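Okay, so the sequence shown: first residue is -6 according to our numbering, each after it adds one.
Just so you know, even glycine gets a beta-carbon here, dropped at the ideal spot from N, CA and C.
Note that the structure is a prediction, hence the values are computed from the model and not measured.
Data first, discussion second: the structure below is written as structure tokens.
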Amino acid sequence: HRWFAEGMLANAVTGSEFLLNAVDFSKFRRLLDVGGNSGGYTIELLKKHPTLEASIFDLEAVRPLAEERITQLELEKRCSFIAGSFFDDKLPTGHDVLLLANILHDWDTAECQHILGACRKAIQPEGTIIVIEPMLAENLTGPEHASVSGLTMALLGGENRTPSRISELLEDAGFIQTWKSTVGEQNSIVTASCPKGNSSC
């Protein structure tokens, strides 16, 4: 698991720069990094936003590497690791922003619906959910990275989707006010909000 986690960490450092430029995290208080692995995205966000607190939610197997990095960077007071599976366990509550970084493209539609449903139940009212991963252009002609990696995803049971398809999945799960960034060469971002006053959120 360690070699995989370290590989994901390298990708997160690049992806976090794109994310930080696209989303204003200064308005958020508590982040839940769903399937956050060793916390690559989370730690970069915490370094840039000193008032932000975060929880990394992932399988027990990656806890040692995540906690090792949290300790090395002296972030123990602002960041914790919570072990669990987004298929088998309830997501932790009390967070106003949820991050899904390179998660949905690993899974088929039904599994994505399950994950996003769990997110909607966990997120605070009026909270924000952020999806960042390789996405196809709306005309399905690129970008090259998303097209090529999409072939691998398909072999493994997942798929790279267009931003509009991600938006549809979010809306089907009960989120609203979706917007999407311009499709990037490596990653794209789609965000959505939980409806105000919706108790199911």
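query: Best match in Phe11, Ser157, Arg56 and Thr102 for proximity to tyrosine 34 [C-alpha to C-alpha]; result: Phe11
query: Beta-bridge pairing of lysine 114 - partner residues as DSSP gives them; result: Bridge partners of lysine 114: none, in fact.
query: Coarse secondary structure for serine 140, derived from DSSP in three states; result: Since pLDDT at serine 140 reaches only 48, below the 50 mark, its modelled position is unreliable, and no value is offered.
query: Chain-order list of residues whose beta-carbon lies under 6 angstroms from that of cysteine 105 (same chain, five-residue window excluded); result: Leu97 and Leu162
query: CA nearest to the CA of tryptophan 172, picked from Leu68, Thr7, Val16 and Ala54; result: Val16
query: Alpha carbon of glutamate 217 to alpha carbon of glycine 151, nearest angstrom; result: For the chain, the structure presents residues -6 to 194; residue 217 sits outside this window and is missing.
query: Nearest-angstrom Cα separation, counted from threonine 121 out to leucine 45; result: 14 angstroms
query: Identity of the residue in Pro127, Gln117, Ser174 and Glu69 nearest leucine 25 by Cα; result: Gln117
query: Glycine 32 beta carbon less than 8 angstroms from that of isoleucine 63; result: yes
query: Straight-line Cα distance separating leucine 66 from leucine 109; result: 31 angstroms
query: Touching by the beta-carbon criterion (3+ pairs, under 8 angstroms), the stretch 72 to 90 and the stretch 48 to 57; result: yes
query: Cα-Cα separation between cysteine 112 and leucine 84, rounded to whole angstroms; result: 7 angstroms
query: Chain-order list of residues whose beta-carbon lies under 7 angstroms from that of threonine 7 (same chain, five-residue window excluded); result: Gln179
query: C-alpha gap between histidine 88 and phenylalanine 21, whole angstroms; result: 9 angstroms
query: Beta-bridge pairing of tryptophan 196 - partner residues as DSSP gives them; result: This structure does not reach residue 196, given that the chain is present from -6 up to 194, and the question cannot be answered.
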